[in-house]
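In order, the protein sequences belong to chains A, B, C and D.
Under numbering that gives the first Met the number 0, the residue at position 28 of the first sequence is numbered 27, and the numbers go up by one with no gaps.
Under numbering that gives the first Met the number 0, the residue at position 111 of the second sequence is numbered 110, and the numbers go up by one with no gaps.
Under numbering that gives the first Met the number 0, the residue at position 135 of the third sequence is numbered 134, and the numbers go up by one with no gaps.
Under numbering that gives the first Met the number 0, the residue at position 50 of the fourth sequence is numbered 49, and the numbers go up by one with no gaps.
The beta-carbon is built from N, C-alpha and C at its ideal position, and this holds for glycine as well.
Working notes for the structure below.
Number of protein chains: 4
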Amino acid sequence: MAITVKELQGFLDSAPFHQFMKMKITAADKEAETITISMDYRPEYQRIEGSGEIHGGVIASLVDIAGDFALIHLLGKGVPTINFRVDYLRPAVSTGLTAIAKIRRAGRTIGVVDIDVFNDSGKLIAVGTGCYGTGY
Amino acid sequence: MAITVKELQGFLDSAPFHQFMKMKITAADKEAETITISMDYRPEYQRIEGSGEIHGGVIASLVDIAGDFALIHLLGKGVPTINFRVDYLRPAVSTGLTAIAKIRRAGRTIGVVDIDVFNDSGKLIAVGTGCYGTGY
Amino acid sequence: MAITVKELQGFLDSAPFHQFMKMKITAADKEAETITISMDYRPEYQRIEGSGEIHGGVIASLVDIAGDFALIHLLGKGVPTINFRVDYLRPAVSTGLTAIAKIRRAGRTIGVVDIDVFNDSGKLIAVGTGCYGTGY
Amino acid sequence: MAITVKELQGFLDSAPFHQFMKMKITAADKEAETITISMDYRPEYQRIEGSGEIHGGVIASLVDIAGDFALIHLLGKGVPTINFRVDYLRPAVSTGLTAIAKIRRAGRTIGVVDIDVFNDSGKLIAVGTGCYGTGY
């Protein structure tokens, strides 16, 4: 049940899509029920050629995965995403993104997580809420 | 103002992230206010190694982009995503995905689009709703 | 398991909040997995005094309840709302509202329903998506 | 531009639906960009007769209105709701509800607000995110 950040990173890396995204768990706090996941900018993420702005699809993927891994860390098992919402607040022109996911509820069947996404200067660029199935 | 599917595909391809995703506009109907976008499965999209199941982040990206291009086709200009929601209905084990986006409202400042995502046997695997800024 | 529209209306009326809202099930089709619920305008629903415009909270309640009863009709049991989204498309100045809810997925643990809300001239004024727990 | 809590309460009360809901602004902090709105339980809000559980539609209305008034307080003008999401975390059996709304972004055209809803013992029973049009 007790998962280390290193083990959690290993679990994250086991998914080919996460490998492609090269996401890195930089902090995880079981007391606070938060997890922090960072990712670097890559040219293929651009929304507009030459803009350096990261596409919303990449940000949405980070939101989904950060929320998921907050619950995986707490519960020690995989939890499928049921649905999520993401709101884009500012253009994501940045050398990388950091998502902080905070569990709002981890019930028997449903978990709900809020996710904040920041750019490299700590500015909030997107917020999301994910709903996950914890009963599997 | 009148954009052909070919021109629309050219506009879609101009974004590095879309190029990476190799999304293909397969139909666009300005009367019905619908657009159809397809994408092929690739091993790096997998949620679980060896499963062939496409990750929710990829599906979310398709939802976002299909909704966006339904409005781009209608309005003849780029429209930023404000927010969206995606609900996952079935595991996306498939050789590819097809999204059909239907505009529900294209107002002066806000556009709302419903998006259905199907697997290669025509089964519904996700639904989404996107909200876009049409006033820019 | 087989519920008539009359029995369904009786179940709906058993909730004090539904009674206050005086919602009326006007159609239910188990094949098509749709249900239609109507409600009348009342002055206390107004968003702005004297405007005749129905408040978004009332519309959101209708969205939630219509989605719920689409699943109750299909499954023959109560299903709690997990979460929902509503998008407002036009001001709801109308003598009443009609919601058509269509089930997109009724799985073992989760049901997802799309809901369209129309004014008295048949114009779409809001759309919603609700997620409900079907495993209880 | 500078609105007092009393003036804000007066503006809230000017809407017939808010009057019916008897919502009360109990705190408003322009620095922190938060607002607190409370409402009392009433038997007609019940989801199930005799349960004392407040219906999700009432909670959704509170989410919508609290998010809206956080922006109204900051901006000094009315802002229409574009869309919102609410997640229900626990049954709302309570003598009343308190919503704390916190602005996450107040842009030129769009405002995004997170809303937490608590029961009478301070337990979180729902969370929401609302998107509002600030450009009108």
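- In this chain, the alpha helix (DSSP H) harbouring B:Asp67 covers Gly55 to Leu74.
- A:Gly127 is positioned such that its CB atom lies closer than 8 Å to that of A:Gly66.
- In the three-state reduction of the DSSP assignment, C:Met38 falls in the strand class, which pools E and B.
- Within the region 23 to 37 of chain D, not one residue has a Cβ closer than 7 Å to any Cβ of chain B.
- One alpha carbon belongs to C:Gly77, the other to A:Gln8, and they sit about 40 Å apart.
- By the CB criterion at 8 Å, C:Thr133 and C:Leu70 fall inside the cutoff.
- Under the three-state reduction of DSSP, D:Asp113 is assigned to strand.
- With respect to chain D, the C-beta atom of B:Gly110 has no partner C-beta closer than 8 Å.
- Its Cα nearest to that of A:Gln45, the residue A:Ala91 stands out among A:Ala125, A:Ala27, A:Gly110 and A:Ala91.
- When C-beta atoms of the region 19 to 29 of chain D are compared with those of the region 88 to 103 of chain C, fewer than three pairs fall below 8 Å, so the two segments do not count as touching.
- C:Glu43 places its beta carbon less than 8 Å from that of D:Phe19.
- For B:Tyr87, the secondary structure class from DSSP, reduced to helix, strand or coil, is strand.
- Scanning B:Gly110, B:Gly51, B:Ala100 and B:Pro79 for the CA closest to the CA of D:Asn82 turns up B:Gly110.
- If the five residues before and after D:Val85 are omitted, its C-beta is found closer than 7 Å to the C-beta atoms of Ile58, Ala59, Val62, Ala125 and Gly127, all from its own chain and listed in chain order.
- Under a 10 Å Cβ-count criterion, D:Tyr87 is classified as buried, with 16 or more other Cβ atoms of the shown protein chains found around its own Cβ.
- In this chain, the alpha helix (DSSP H) harbouring C:Lys5 covers Val4 to Asp12.
- For A:Gly75 and A:Ile114, the gap between their C-alpha atoms comes out near 19 Å.
- C:Glu52 carries a strand assignment under DSSP once its states are collapsed to helix, strand and coil.
- The three-state reading of DSSP puts D:Tyr131 in strand, counting E and B together.
- The Cβ of D:Ile81 sits closer than 8 Å to at least one Cβ of chain C.
- Between A:Thr80 and D:Val116, the alpha-carbon positions lie close to 23 Å from each other.
- For the pair A:Gly49 and B:Phe10, the Cα-to-Cα distance works out to about 15 Å.
- Boundaries of the alpha helix (DSSP H) around D:Pro15: Pro15 to Met20.
- Chain A places no beta carbon closer than 8 Å to that of B:Tyr40, leaving this residue out of the contacts.
- A:Arg84 reaches chain C at Arg84, counting residues in chain order whose Cβ is nearer than 8 Å.
- Counting along the chain, no beta strand (DSSP E) covers D:Arg46, and no H or E run does either.
- Sequence-ordered contacts of the region 83 to 105 of chain B with chain A read Phe83, Arg84, Val85, Asp86 and Tyr87 [C-beta pairs closer than 7 Å].
- Around the CB of B:Tyr40, 16 or more other CB atoms lie within 10 Å, so the residue is classed as buried.
- According to the DSSP secondary-structure assignment, B:Gly95 is paired through a beta bridge with B:Asp39.
- A:Ala14 and A:Phe68 have their C-alpha atoms some 12 Å from each other.
- Taking a beta-carbon distance threshold of 8 Å, D:Phe68 does not count as an interface residue toward chain C.
- Annotation for C:Thr108: no beta strand (DSSP E) segment contains it, and DSSP assigns it neither H nor E.
- Contact check for C:Leu123 and C:Ile102: beta-carbon distance about 19 Å, past the 8 Å limit, so the pair fails to qualify.
- Taking a beta-carbon distance threshold of 8 Å, C:Gly55 does not count as an interface residue toward chain A.
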